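In the order they appear, the protein sequences are chains A and B.
Start counting the first sequence at 19; every next residue gets the next number (our numbering).
Start counting the second sequence at 19; every next residue gets the next number (our numbering).
2 protein chains.
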Amino acid sequence: MNRVFKALNDPIRREILELLKEKDMNAGEIADHFEITKPSISHHLDCLKQAELVISVKKGQYVNYTLNKTVVDEIIQWLMTINLKK
Amino acid sequence: MNRVFKALNDPIRREILELLKEKDMNAGEIADHFEITKPSISHHLDCLKQAELVISVKKGQYVNYTLNKTVVDEIIQWLMTINLKK
DNA sequence: TAGATATTTAGATATTTGTCTAATTATATA
DNA sequence: TATATAATTAGACAAATATCTAAATATCTA
């Protein structure tokens, strides 16, 4: 939970999630959408991976990233409990 | 949005939200639930207030805090769009 | 096998953040 | 009005974070 909120607390990482909701992408394709360096993007991807918000699969020399909707669901659940009771 | 995720990225602030979902409380009552000092709690409350996750109303010498469910809803909406498309 | 490409790791640095103590402000009450 | 209580503000400091450049690792292909 901690790691998920930490991962969500950055506009670039949230934008990466928005990209991945459309289609899976490799690290380079993701990096092309931003102005910061590839190592920085790599760091953000690692952060998302640690939170299990994304899953990475190596495919030859590329690394493919996929959104993990399960974890997003868990956070939605938690937020909904906050909004439940009187 | 930025401020909301920033506010959610701290276990104490999330616990404050969980307290306030049960009932409104003043700053002192909130502070009693934690081991850290009152100024630190005050800082956390300010952070939640900036994110508009809580609303504060002064009542005599006390300051009452209420959960603002509207903003929580907005975050739920955003997360749900992430989980929408293929 | 040599060179090119994709990605990550390492190490440095500036900024942000959470905490504390001390001081301040605002209100209540004896 | 003087004192006590509630809460915030100010300032300091250690830890965490986002970024960069340079280097390393892994894979592909001529």
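Glycine included, every Cβ here is placed at the ideal spot set by N, Cα and C.
Here the structure is a predicted model, which means the values were calculated and not measured.
Query, Result
"Three-way DSSP call (helix, strand, coil) for N101 of chain A in this model", "coil"
"K77 of chain A - containing beta strand (DSSP E), residue span", "V72 to K77"
"Contact the region 60-79 of chain A vs the region 61-71 of chain B: 3+ CB pairs below 8 Å", "no"
"Inter-residue spacing [alpha-carbon to alpha-carbon] between I48 of chain A and Y80 of chain A", "12 Å"
"N44 of chain A - DSSP class collapsed to helix/strand/coil", "strand"
"Stretch-stretch touch, CB-based, cutoff 8 Å, three pairs: the region 31-39 of chain B with the region 35-43 of chain A", "no"
"Chain-ordered chain B contacts of M170 of chain A [CB-CB under 9 Å]", "Since the first residue shown for chain A is 19 and the last is 104, residue 170 of chain A is missing from the structure and cannot be characterised."
"Within 7 Å of chain A by C-beta, residues of the region 21-35 of chain B in sequence order", "F23, K24, L26, N27, P29 and L35"
"K24 of chain B to L71 of chain B span [Cα, whole Å]", "11 Å"
"Supposed close pair L38 of chain A, T84 of chain A - CB separation, criterion 8 Å", "7 Å"
"Interface partners of I94 of chain A on chain B, CB under 8 Å", "I94, L97, M98 and N101"
"Rounded separation between D50 of chain A and W96 of chain A - CA only", "33 Å"
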